[in-house]
Amino acid sequence: MGEPGTKELISLDELEAAGNLRTGRKHILSILVENKPGVLTRVAGLFARRAFNIDTLAVGPTDDETISRITLTLDGAVHPIDQVTKQLHKLVNVLKIRDLEPEETLARELALFKLAVDGPQRAEVLQLCEIFGGRVVDVSKRSLVVELTGSDDKIEAFESLVRPFGLIEMTRTGEIAIARGRGET
Amino acid sequence: MRAVDALMECLKAEGVEVVFGLPGGANLPTYDAFYDAGIRHILVRHEAGGGHAAEGYAKATGKVGVAFGTSGPGATNLITAICDAMMDSVPVVFITGQVRTELIGTDGFQEADILGMTLPAVKHSFMIQHPLEIPRTIHEAFHIARTGRPGPVLVDIPQDLSRADIPYEPVNDVHLPGYQPTTEGNQKQIRLAAKALANARRPVIYAGGGVVNANAASELRELVLSDRFPITCTLMGLGAFPAPHEQWLGMLGMHGTRAANYAMDEADLICAIGARFDDRITGKLSEFAPRAKFIHIDVDPAEISKNVPAHIPIVGDAKNVLARLVTEYRALSADRARLEDWWQRIAGWRAQYPLRYEDTTDTEIRPQRAIQAVFEATGGEAIVTSDVGQHQMWTAQYYDFPEPRRWINSGGLGTMGFGLPAAMGAAVGCPDRTVVCIAGDGSVQMNAQELATCAQNAIPVKVVIINNGYLGMVRQWQELFWDKRYSHVDMGSYPDFVKLAEAYGATGVRLTDKTTLVDDLKAALATEGPVVVDVRVTAEENVYPMIPAGQAARDMVG
């Protein structure tokens, strides 16, 4: 009776609920939106209105000037991601959403660290900087600014290592991401 | 031509019959265009009244309602109507004037960031940046308001742009790459749903306002009658299935019938159609319908599994999906006898717990009796609007709606003051029908100024005030859950509604005698023009049965 792929239902017990699941991991959503005034407000406002928390948010142009990309990360332990994406899809200015698979995604974040370094500590910090592939972009008598690119894990690891030396301040961009391989994100 | 004249051409192209609005500084150009545009415009007395009138018009006719307001306070006065239309999925286009572009951001006179203020409460909104955008934007606004899950769309037009000259070319398409609502349900899912229904021993069909919006009442009826499926509707869905009927359980939810709520509680399969599992339906979510699997049919994918995880989700227009579901279900030739035990169980609840109230032995009018009298006086043939509160629930319980679009009320937002302007809009949209607003003495005062609009335009709404001198629903909650500490709910006998009606140029009648109530109401309904009927009812009557907030169906009281 059923066409291929339609399972024969014998009893209601076989039915399983879909959706509304907490995945328990970090999600990176890559959202293409129309490049129009107020679109970011609509996205941010939706998160506020639905009590979803954004962990990081990065917005920038794409290769098409009429389209911007919003990359945001959120915690799948707290939010049902499918509900978040479905609500986002309802925004008329949202063109495409991808919930990026961690294994198939390159995610990078840029961070700037201003470190207090006096005398002998300087060499140690520079060594850490080299190990992490960071660059010193500003030097003064008593401080250094280090530029570091990488996954959020790497940036957090660097932060915890340099913090004892005296972290004056830090600024991070939030992750941006792109799919591995030939396919579009 | 001026952009505002192009705007009028766009409204005509959209088939707009009537606009409800109020002019002001920032939309003076628009109102100049109205002067000879040949579009009916009804001058309301408050923009909120205009917004709700546009909603009432939309709900009664199924067409897109239109409301205009000026900038600043004109626009902010529309916000309640915008929120209301969002919560109840009402297609309305709101067009506001905005201060001149050079003043935007300067806190200019009557400047308000209406776009920003309404962002969480609109289906979509547009701020006009260039006069050339106006025609396309207007058509896109109507397209978004009416398609998919309907809702409010705001268009904010700065004054200087509205008076600019533009070359006008009719627009016949829309360009909305990010807006493609799914209307066709997935065939495999529909087939699976049919099989689940055929396997269910204790099914319930639970229909909401989405069925009304999709004009799918006849398809719903086909489904219900394709077997002996018990059917219940939400407050917004009343009329989607004709009441009374042997398969009709009555409304469900906080003030629904026990038969409907207990059936949901014991069901093994619930088929939700155009309904969104609101907290007034589910009560305590963790104890809602604990034995049931769920089919959920909705045109808005985000509603599916939002509150209750669906086992068979079907995204699509209810009319489209139900028609195919009926075909699939009939092909299965399910055994009708399997529902016999279920119907016996339901019959037991119906017999044991009918809707009931203690009637009086003297002439005093019980509010429930007043609703029944309105039903008798109208023969159930009227379009009925209501405000929000006890009278609304009694109407939902005691007025049987035979068809969709006969019952117009504010369900999601629960907006007091909705009923009178909504009745006005419904009467303008359906001039051949009797339109009755069943109001509370508290609620009606929130938009009573629209009586002037009705009188001036000979809009013959009949306003039946269920007058108990209280903010009755709040008083009921204070009685039941706050130790009868009646805090600020006593409205006294103010105003004198008969005099108020007369002052507005309407007819006023006061009714206090149960024995002549139906005849008196008939006489009032037969009176020309707008009529206000002040029905004095028992002051401290409660709406029962009731699921106390946050509790489960099994905890029903009264």
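First to last, the sequence lines map onto chains G and D.
The first sequence begins at 1 in our numbering and counts up by one.
The second sequence begins at 186 in our numbering and counts up by one.
Backbone N, C-alpha and C define an ideal beta-carbon position, used for all residues, glycine too.
In this model, Ala477 of chain D and Asp719 of chain D are separated by some 45 Å (Cα to Cα). Judged by DSSP secondary structure, Asn652 of chain D falls within the beta strand (DSSP E) whose first and last residues are Lys647 to Asn652. Taking the C-beta atoms as reference points, Gly333 of chain D is found no nearer than 8 Å to Val92 of chain G.
DSSP, reduced to helix, strand and coil, places Glu561 of chain D within a helical segment of the structure shown. Pairing Ala633 of chain D with Ala691 of chain D gives a Cβ-Cβ distance that is not under 8 Å.
Among the residues of chain D, those whose CB is under 7 Å from the CB of Leu12 of chain G are Ala381, Asn384, Ala385, Asp453, Leu454 and Lys478, following chain order.
Under the three-state reduction of DSSP output, Phe479 of chain D falls in the strand class.
In this structure Leu263 of chain D is in contact with Gly236 of chain D, their Cβ atoms being roughly 5 Å apart against a cut-off of 8 Å.
DSSP, reduced to helix, strand and coil, places Leu288 of chain D within a helical segment of the structure shown. Looking from the CA of Ala107 of chain G, the closest CA among G:Leu88, G:Lys86, G:Thr73 and G:Val145 belongs to G:Thr73.
Cβ-Cβ separation between Val146 of chain G and Arg163 of chain G: approximately 13 Å, too far for a contact (criterion under 8 Å).
Of the other Cβ atoms in all chains shown, fewer than 16 fall within 10 Å of the Cβ of Gly290 of chain D; this residue is therefore exposed. With respect to chain D, the C-beta atom of Leu128 of chain G has no partner C-beta closer than 8 Å. By the C-beta criterion, the stretch 207–218 of chain D is judged not to be in contact with the stretch 237–246 of chain D, since fewer than 3 inter-stretch pairs fall below 8 Å. For a Cβ distance threshold of 7 Å, residue set Pro486 and Ala487 of chain D lies close to Lys86 of chain G, ordered along the chain. Here the stretch 165–182 of chain G makes contact with the stretch 100–118 of chain G; the two share three or more CB pairs at distances below 8 Å.
Within the stretch 86–114 of chain G, contact with chain D at the beta-carbon level (separation under 8 Å) is assigned to Lys86, Gln87, His89, Lys90, Leu91, Val92, Asn93, Val94 and Leu95.
Between the alpha carbons of Gly259 of chain D and Thr281 of chain D lies a distance of about 8 Å. Comparing alpha-carbon positions, the option among D:Ala233, D:Pro494 and D:Tyr242 lying closest to Glu16 of chain G turns out to be D:Pro494.
In this model, Lys684 of chain D and Leu605 of chain D are separated by some 17 Å (Cα to Cα).
In the three-state reduction of the DSSP assignment, Cys456 of chain D falls in the strand class, which pools E and B.
The Cβ-Cβ distance between Gly60 of chain G and Ser68 of chain G falls below 8 Å. Listed in chain order, the non-local C-beta contacts of Leu300 of chain D below 6 Å within the same chain comprise Ser310, Met312 and Asp341, local neighbours out to five positions each way being set aside.
Closer than 8 Å to the CB of Ile329 of chain D there is at least one CB belonging to chain G.
Residue pairing for Cys418 of chain D: DSSP places it in a beta bridge opposite D:Ala392 and D:Met436. Here the alpha carbons of Ala379 of chain D and Ala637 of chain D stand approximately 52 Å from one another. DSSP places Thr85 of chain G inside the alpha helix (DSSP H), whose first and last residues are Ile81 to His89.
Per DSSP, the continuous alpha helix (DSSP H) segment holding Cys129 of chain G begins and ends at Gln121 to Ile131.
For the stretch 352–379 of chain D, the beta-carbon criterion of a distance under 7 Å to any beta-carbon of chain G is satisfied by Leu361, Pro362, Gly363, Tyr364, Lys373, Arg376 and Leu377.
Look at the beta carbons and you see the stretch 442–450 of chain D not touching the stretch 365–380 of chain D: under three pairs across the two are nearer than 8 Å. Using a Cβ-Cβ cut-off of 8 Å, His576 of chain D is close to nothing in chain G; its nearest Cβ partner there is about 31 Å away. Sorting D:Trp667, D:Asn642, D:His576 and D:Thr303 by C-alpha distance to the C-alpha of Gly657 of chain D places D:His576 at the top.
Of all alpha-carbon atoms in D:Ser274, D:Asp190 and D:Glu202, the one lying nearest the alpha-carbon of Leu598 of chain D is that of D:Ser274.
Taken in chain order, the members of the stretch 279–300 of chain D whose beta-carbon sits within less than 9 Å of a beta-carbon on chain G are Leu300.
DSSP places Val659 of chain D inside the alpha helix (DSSP H), whose first and last residues are Gly657 to Phe666.
Relative to the Cα of Gly150 of chain G, the nearest Cα in the group G:Ile176, G:Ile31 and G:Val94 belongs to G:Ile176.
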